[in-house]
Every structure is written in structure tokens, then in C-alpha cells.
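Q:
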Amino acid sequence: MSLINLFFIVFLGIIVFILYFHISNSFLDYYGKKTNKQYGFENSVRVIIFIAPAFIILFIFILYPVFETIRLSFYDKFGREFVGFYNYKWAVNDPEFRRSILNNIGWLLIVPTFSTFFGLVIANLADRIWWGSIAKSIIFMPMAISFVGAGVIWKFIYEYRGPGDTQIGLLNAVIVYLGYEPQAWLTIPVWNNIFLMAIMIWIQTGLALVIFSAALRGIPKEMLEAARIDGASEVRIFFSIIIPYLEQTILVIWTIITILVLKIFDIIFAMTNGEWQTGVLANLMYDWMFRGGGDSGRGSVLAFVIMIGVIPILAWNLYKHKQEQKI
Amino acid sequence: MKKFSITSILSQFLLLLFVIVWIMPTFGLFISSLRDKDLLAISGWWTSLTTTKVNEIYRMSGMESQIKENDYFVIKGKLFDHNSGKKIESFGITSKKINEFIVGEIATFKDDTQVTVNESGEYIWKSNNEFTKKKGKRLFITSLSPPSFTLDNYKEVLFKEGIGQAFLNTTAVALPSTLIPLIICSFFAYALTWMKFFGRDTLLAIIIASLVVPLQMSLIPILTIYNDFGALFGVASKSYPGVWMAHTGFGLASTTFLLRNFIKSLPNEMMEAAKVDGASHYDIFIRIIIPLSIPAFASIFILQFLWCWNDLLVGLVFLDQVPSEIILTAKLKELLGSRGENWEILTTGAFVSMTVPLFIFFALQRYFIRGLVAGSVKG
Chain A
1 MSLINLFFIV FLGIIVFILY FHISNSFLDY YGKKTNKQYG FENSVRVIIF
51 IAPAFIILFI FILYPVFETI RLSFYDKFGR EFVGFYNYKW AVNDPEFRRS
101 ILNNIGWLLI VPTFSTFFGL VIANLADRIW WGSIAKSIIF MPMAISFVGA
151 GVIWKFIYEY RGPGDTQIGL LNAVIVYLGY EPQAWLTIPV WNNIFLMAIM
201 IWIQTGLALV IFSAALRGIP KEMLEAARID GASEVRIFFS IIIPYLEQTI
251 LVIWTIITIL VLKIFDIIFA MTNGEWQTGV LANLMYDWMF RGGGDSGRGS
301 VLAFVIMIGV IPILAWNLYK HKQEQKI
Chain B
328 MKKFSITSIL SQFLLLLFVI VWIMPTFGLF ISSLRDKDLL AISGWWTSLT
378 TTKVNEIYRM SGMESQIKEN DYFVIKGKLF DHNSGKKIES FGITSKKINE
428 FIVGEIATFK DDTQVTVNES GEYIWKSNNE FTKKKGKRLF ITSLSPPSFT
478 LDNYKEVLFK EGIGQAFLNT TAVALPSTLI PLIICSFFAY ALTWMKFFGR
528 DTLLAIIIAS LVVPLQMSLI PILTIYNDFG ALFGVASKSY PGVWMAHTGF
578 GLASTTFLLR NFIKSLPNEM MEAAKVDGAS HYDIFIRIII PLSIPAFASI
628 FILQFLWCWN DLLVGLVFLD QVPSEIILTA KLKELLGSRG ENWEILTTGA
678 FVSMTVPLFI FFALQRYFIR GLVAGSVKG
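From first to last, the protein sequence lines are chains A and B. Residues 1 to 327, numbered by my numbering, are exactly what the first sequence covers, in order. Residues 328 to 706, numbered by my numbering, are exactly what the second sequence covers, in order.
#1: Going by DSSP, what residue range makes up the beta strand (DSSP E) through N426/B?
#2: What residue does the alpha helix (DSSP H) around N104/A start on, and which one ends it?
#3: Quick check: G389/B and K437/B, are their CB atoms within less than 8 Å of each other?
#4: Can you give the Cα-Cα distance for A315/A and A536/B, rounded to whole angstroms?
#5: When the Cα atoms are used, what is the spatial distance from V10/A to S2/A?
#6: Please state the DSSP three-state secondary structure of A315/A.
#7: Identify whether N283/A lies in helix, strand or coil by the three-state DSSP scheme.
#8: Report the neighbours of V47/A on chain B: residues whose CB is nearer than 7 Å to its CB, in chain order.
#9: Residues of the region 175 to 199 of chain A in Cβ contact with chain B at a cutoff of 7 Å, in chain order, please.
#10: Could you give the residue range of the beta strand (DSSP E) that holds G605/B?
#11: Let me know the secondary structure DSSP gives S620/B once reduced to three states.
#12: Would you call the region 634 to 644 of chain B and the region 120 to 137 of chain A in contact, with 3 or more CB pairs under 8 Å?
#13: Taking 8 Å as the threshold (beta carbon to beta carbon), is M598/B in contact with chain A?
#14: List the residues of chain A that N637/B touches, going by C-beta distances under 9 Å, in chain order.
#15: Excluding the 5 residues flanking T378/B on each side, which residues of the same chain have their C-beta closer than 8 Å to its C-beta?
#16: Residues in its own chain within less than 8 Å of A499/B by CB, not counting five upstream and five downstream?
#17: What residue range is occupied by the uninterrupted beta strand (DSSP E) comprising V381/B?
#18: Looking at M271/A: is its Cβ nearer than 8 Å to the Cβ of G206/A?
#19: If you run the structure through DSSP and keep just helix, strand and coil, what is E396/B?
#20: How would you call K136/A, buried or exposed, if buried means at least 16 neighbouring beta carbons within 10 angstroms?
#21: Span of the beta strand (DSSP E) holding T443/B?
#22: Throw me the rounded Cβ distance for the A518/B and F290/A pair, which I believe falls under 8 Å.
#23: Could you list which residues in chain B have their beta carbon closer than 7 Å to that of A282/A, in chain order?
#24: For my contact list, I384/B and Q393/B are in at a C-beta cut-off of 8 Å; report their separation, rounded to the angstrom.
#25: Taking the alpha carbon of L655/B as the point to measure from, which residue in N445/B, G576/B, L341/B and T682/B has its own alpha carbon closest?
#26: What does the Cβ neighbour count give for S375/B, buried or exposed, with the cut at 16 atoms within 10 Å?
#27: Would you verify that the beta carbon of A532/B is, or is not, closer than 8 Å to some beta carbon of chain A?
#28: Determine, using beta-carbon pairs with one atom in the region 514 to 529 of chain B and one in the region 605 to 615 of chain B, whether at least three such pairs fall under 8 Å.
#29: Reducing DSSP to helix, strand and coil, say where I203/A ends up.
#30: What is the DSSP secondary structure of K705/B, counted as helix, strand or coil?
#31: Output the boundary residues of the beta strand (DSSP E) element that contains A434/B.
#32: Starting from the beta carbon of F97/A, find every residue of chain B whose beta carbon is closer than 7 Å, and list them in chain order.
#33: What residues of chain B sit near T113/A, judged by a beta carbon separation below 9 Å?
#34: Is the beta carbon of M307/A sitting closer than 8 Å to the one on V540/B?
#35: Could you confirm whether any beta carbon from chain B is found closer than 8 Å to the beta carbon of W276/A?
#36: Among P594/B, Y399/B, S422/B and C635/B, which residue has its Cα nearest to the Cα of L619/B?
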């Protein structure tokens, strides 16, 4: 696509929506001024104009697919014949599925924990040091990078050359310098998962960091001063004041990263493509969308399993929303 | 007081350690993308920052390039391009003694031919008899190589490897995929906040539930719809508008949620006053809401834009993997598979894909952080 074509198509895509809102609303304004009496009618048309595009898209892309995916999980690979729990039984007995579930659980336990912990520690350190904001910027930077880009960055770090050759991967260079044998890190089952998780931790620590930094400002200065005057050490202050005070924030960050990790796909797809026992649910699902011409039944089961993971969070969000509405 | 300063030094040191660990990977990628591709393959990027000793093997030219000078047969040539700034320290003629001779010395091969090499890699190989072998002999070189950087990799990657095209494609995906949701969600959020209609609270609850629904739940049904749509109207099922709509759908809940929170925080009196003056909802939206929401728009724009720019899955499923449609992340993934050993292409390609996000990051960090923090409050 040439630059002019690109500009044109982008412009067209956006202008359609602007014109829709402008023309329909202007028309309604004009109509409303002419016929003052039918105020109620004008109002309901206005509501429809305002919410229709968003609602239609929401319906097509989120609401309908949720139910359709659940329905498809009970149908055969073409989505034509009802097969009951056949796909679920297949999943439970499939070694790849079991491996993916285990890996996903590993990701869920390790990545949010370390990201949150590092984020909290760094936010605390940076808060009290004059070059702290520069440090925060640097640690936050990976948040802007794509998972695939991060994958390339880290694949370069994990790069392996035979024992006799010069190592160009940083990790192996360090290992060799320390006098150990170089390793092909991404091909060592079980441990390679940790090396993949490190990438996600590297990215998500920045998220935790900025949110904690904002939250830290909410802690009353007097409380910290009082603790210091009483002779509490910085470590003690961290555990006895800061962590309890930030409990809510910790929970929020934990949830956000958990949701992200449940869907994790890009990093594994780019780095190992699920080989050497690194597969997770999202990768297996993508695989079954196309493997053997695509199996919508199995793919849907896998999507639904990911969905089950977020249901507790979904319920909690709705509960909290209801509490807020009451106030 | 003394205790305090020790803690301070310790925490400075700890933070510095974190910073180094966090910046190192990206820094290494950046440096590598600027290095000569042959050097990149044989030495770690950290060696390129200082003058380093490199051991290399070169082969001299064969019989075709010999000339007769006086009574000798001579082959003259260059081991490497002069502009690389490398300086040869010593050389050898067998793999066992690779630095047997200092530069300028004359080395004698077993067949009594003599060779000498100067600092900049020019060699003279003399023999009494005619050279008869097609391939020249090997020279083992130890040279000092100063830090040298080049933009060659970028030229190669942008124009030959199709990264430049993929860059345009990603732009064509990301811009509308950011602006369309921003337009329709601002109307939606306004309606959810300031208009009264049946089912409003339910709709809001649906939005909040949709916030966490994983994208994977939508892939199979949407792909089916697109295929059916394509077959029905005889158009391609994978297209740019299709991706825009998909991104709009997947970003709709969070965009609406953030915008609603913002619009709700605007002072009620202003809206009421405008209404009394006879302004319609559209007037209020255009004249009051939009000007006041610019900072919120900026934050949400950045979040959604980065998400679309960095996305892989949506581009993979809803676009054909052909040069005119493939997006940067998918292209990078493809290169990881096909050019996995060509680090000059991978590092440079990755850095090209990161330029726009990094620019946004450094230029608009404030809005980016504000958006993230606002988004996190949803709990």
C-alpha cells in the first residue's frame, strides 16, 4: 500500500463515523427546533443515535461471541453437530492441554507476584532518591514495547552458541565468564518457562511501579515521620506501614496482571511457539483454530477455560460496581 | 544521621542495580542494530563499546589475481574494507600459532612462498614459482577494532526485508483502530452518564463485565462471521476495515469505561445551564464535553494506540499474512522463524517496530501514566 492510499483509507474509515454522528444529530436538532412538542420522541431518537454504533459493535464483538463460543464448545469441529461434552472430555485427556494448564498456573503464580513485588520495591526506592524519576522512566519503558519486540530482545539475551564459540547472548556470556557451560536456555523443559516469564515480569513491573508511585503519594507524610522518629528502620516501615496501606492497590495490580497473564500468547508464540513444553492455553487455542483446517469445538473449549479464569474477577468487579451505585 | 546515610547509599545502589538490569536488554538490542553484521555474528554487543581485539580468519585471493613483478609472482589484495577502522596487530599462517608474526614481518609458508600484511589489511604474497591453486591460503588475523557503528542494517531492513511496508501497514491498522473507538465511545459514555433511558444501568454493568472478557472468547465466532460475510458479498474476508472493527470491539469496553468515569467527574451545573439555554445533547457534547475531555482523550488515545500498534493476535487472525497486509509484529515473528540467525535483521527490525511506541512514551509519558493509573482504579 502506498502512502497516499494509506492516508486515504485511514481518513475514509474515520470520517464515516464522524459524518454519521454529525448528520444524524444535526438533522435531529433541526427537526427538534421545528416541532417543539415532540420532545420525548426526539430524546429517544437521540439516545439511539448516541449509543447505537457502540452497542452494535459491543454486541457483535463481545456479547454474541461469548455465548456463541460456549455453544460451539458443545459442537463438532465444524460447529454443525451437537456432541455434548465430547470436546471437554478430549481436553481433560489431552497431554498438551494438561501441560498448558500447568504452565498457565505457573505463569499466574509467578508473574503477578514478582511484578508486583519489584514494582513496590522500586516505587519505594525511587520515591526517596533525587534521580528516582529517571529510574522510574527507564524501568517503565518496556511497557511501551510490544511482546514480540520484547521477545526479540530477550531471545538475543538467551542466544546460545556451542561451548567453543564466542557467546553473543548476554546470559551465556556471563555464564561462560563465570566458568560454567553455556546452555540453550529456551529448550530446557520446565525451566524455560521461567525464562519466558522473566520477559513478562520485565514488562509488567513498570505497570506496577507507576501505579504504586501514584498510590505512595497518598500515604500521610506525618505517619512515616512519626515512625522514623520512633526509630523504626526503613525495612520495618515498608512492611508495617506501606504494605498494609497499599493493600487495595496491591490487589488491583495483582488482578490486572493476572488478567493479562491468563491471555498470554505473543511471548510464547514468538519465542518457542509452545515447543519444549512451554505451551499455554492461548497458544493451544490459536493452534486448534487452524490445525487440521481448524476445530471450532476444541478451540472454543480452550477459550472457555481461559474465560473461567476471569469469572471470579468479573463477579468481584460487578459486585463492587453495585456497591458504588448504592452510595 | 549516619545510619540514614548508609540506608540511602544502599537504596541508591539497589535502585541502580534495578535500572541496569532493566535497561540492559533494550540497550543491547539498540547497539546491536547499529553494528556491522559480520561483527555482530561473532562477538557480543558489549565488546563493541570499547576497542577490542578480534581474531579472524581470512583467505587470500587465488591464482587468478597473480601478477608478475620482476622475477616473482605476486598476489596483492585487501583482507577487509579499510573504512571499518580495524588495525591489525599480528597475524599467523597456521591455526596453531595465530599471532606468530607482528604486522609488517614476513612469514614464510611451507612451500617457500612469502607473505606480509600491513596494519590496514593489505597483503603481499610472493612466490618464485607461478601460483597454481584456485583458492588462496588462509591468514589468521588479530586486530584491534575501535567502536564503529553503521546504519546499513536499517537500510537493509526497511527496504529489502519488507519491514518498511509492514510499518505502513501497522500505521494503517493502528490509527483508525484508535480513533474510531474514541469517537463512538465518547458518545456512548456521554449517553451512559447524562442521558436517561431504559436499561442504562444494565448496559453499564455489561460494560464492566466486558472489561475482563478475554479476547480469545471472540476469535472463533468473529472469524466465522467475517468468512460468511466475505462469501456472501464476494469480498475478502480479511481486510483493514475488518481489523479496525475488531480492535474497536475489543477496546470498546475499556475506552467507554474510562471516558465515562471522566465525563462523570465534570461539573453538573454546566450541563444544566446549557440545557436551560436550549442546547441539545449534541450541542452540549460538542461545545462542552469535547473541549473539557481533551486530556482524557489524550490518555485513552495513547493506551489504545499502543495496544493496537503492539498487538499480534488480532493482526494474525484477521489479516492475510501477505506483504500488503502483514503488520510489524507478525512480520517480526515471521523473521524470527526464517532469519533466526540473522541478528542484524532481527535486532534492527525489532528496533524499527519500537520507534513509534518509544517516541510516544518519551514525548507523552505523563498522559500514558495518567491513563494507566485511571484504568487501574476500576479494580
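Just so it is clear, CB atoms sit at the ideal spot from N, CA and C, and this is done for glycine as well.
A: In short:
#1: To locate residue 426/B, count along the second sequence from 1; it is residue 99. That residue, N426/B, is in no beta strand (DSSP E); it is neither H nor E in DSSP.
#2: Locating residue 104/A in the first sequence gives position 104, counting from the first residue. Under the DSSP assignment, N104/A falls in the alpha helix (DSSP H) whose first and last residues are P95 to D127.
#3: Taking the second sequence and counting its residues from 1, one reaches residue 389/B at position 62. Taking the second sequence and counting its residues from 1, one reaches residue 437/B at position 110. Their beta carbons are not under 8 Å apart, which means G389/B does not touch K437/B by this criterion.
#4: Counting from one through the first sequence, the residue named residue 315/A turns up at place 315. Counting from one through the second sequence, the residue named residue 536/B turns up at place 209. Approximately 8 Å between the Cα atoms of the pair.
#5: As a working note, residue 10/A is residue 10 in the first sequence. As a working note, residue 2/A is residue 2 in the first sequence. Whole-angstrom Cα-Cα distance: 12 Å.
#6: The count along the first sequence starts at 1 and reaches residue 315/A at position 315. Helix, per DSSP.
#7: Position 283 of the first sequence holds residue 283/A. Under the three-state reduction of DSSP output, N283/A falls in the helix class.
#8: Your numbering for residue 47/A matches position 47 in the first sequence. The contacting residues are A518, M522 and F524.
#9: When C-beta distances to chain B are compared with 7 Å, every residue of the region 175 to 199 of chain A stays at or above that value.
#10: In the second sequence, residue 605/B corresponds to position 278, counting from 1. Where G605/B is concerned, there is no enclosing beta strand (DSSP E), given that its DSSP letter is neither H nor E.
#11: As a working note, residue 620/B is residue 293 in the second sequence. Correct three-state label for S620/B: helix.
#12: no
#13: Within the second sequence, the letter at position 271 stands for residue 598/B. Chain A contact via Cβ: absent.
#14: The count along the second sequence starts at 1 and reaches residue 637/B at position 310. The contacting residues are A144, I145, S146, F147, V148, G149 and D266.
#15: Position 51 of the second sequence, counted from the first residue, corresponds to residue 378/B. So the list reads L471, S472, P473 and P474, once near-sequence residues are dropped.
#16: As a first step, residue 499/B must be located in the second sequence, where it is residue number 172. Closer than 8 Å at Cβ, skipping near neighbours: Y567.
#17: Position 54 of the second sequence, counted from the start, is the residue given in the question as residue 381/B. Start and end: T379 to R386.
#18: To locate residue 271/A, count along the first sequence from 1; it is residue 271. To locate residue 206/A, count along the first sequence from 1; it is residue 206. No; because the gap between Cβ atoms is not below 8 Å, this pair is not in contact.
#19: Position 69 of the second sequence, counting from 1, holds the residue named residue 396/B. Strand, per DSSP.
#20: Here residue 136/A corresponds to residue number 136 of the first sequence, with the count starting at 1. Counting of Cβ neighbours within 10 angstroms places K136/A among the buried residues, the total reaching 16 or more.
#21: Counted from its first residue, the second sequence places residue 443/B at position 116. Q441 to V444 is the span of the beta strand (DSSP E), which, as asked, contains T443/B.
#22: Start at 1 with the first residue of the second sequence, and residue 518/B comes out as number 191. Start at 1 with the first residue of the first sequence, and residue 290/A comes out as number 290. 39 Å between Cβ atoms; not a contact.
#23: Here residue 282/A refers to the residue found at position 282 when the first sequence is read from its first residue. Simply Q543.
#24: As a working mapping, residue 384/B is identified with position 57 in the second sequence. As a working mapping, residue 393/B is identified with position 66 in the second sequence. Contact flag wrong, Cβ pair sits at about 22 Å.
#25: If you number the second sequence from 1, residue 655/B lands on position 328. When each option's Cα is compared against that of L655/B, the closest is T682/B.
#26: Start at 1 with the first residue of the second sequence, and residue 375/B comes out as number 48. Buried, since its Cβ has 16 or more Cβ neighbours within 10 Å.
#27: Translated into the one-based positions of the second sequence, residue 532/B becomes position 205. With 8 Å as the cut-off, A532/B counts as an interface residue toward chain A.
#28: yes
#29: In the first sequence, the residue the question calls residue 203/A occupies position 203. Helix.
#30: One-based indexing of the second sequence puts residue 705/B at position 378. Below a pLDDT of 50, predicted positions are generally treated as unreliable, and K705/B, at 38, falls in that range; the measurement from the model is reported next regardless. It is coil, neither helix nor strand.
#31: Your numbering for residue 434/B matches position 107 in the second sequence. Residues I433 to T435.
#32: Residue mapping note: residue 97/A aligns to position 97 of the first sequence, counting from 1. Here the premise fails: no neighbours, minimum Cβ distance about 14 Å.
#33: Against the first sequence, residue 113/A aligns to sequence position 113. Going along chain B, no residue has its Cβ under 9 Å from T113/A, so there is no contact; the nearest lies around 17 Å.
#34: Sequence index remark: in the first sequence, residue 307/A carries index 307 (1-based). Sequence index remark: in the second sequence, residue 540/B carries index 213 (1-based). Going by C-beta atoms, M307/A is nearer than 8 Å to V540/B.
#35: Translated into positions along the first sequence, residue 276/A becomes position 276. With 8 Å as the cut-off, W276/A does not count as an interface residue toward chain B.
#36: Locating residue 619/B in the second sequence gives position 292, where the first residue counts as 1. When only C-alpha atoms are compared, the closest one is P594/B.
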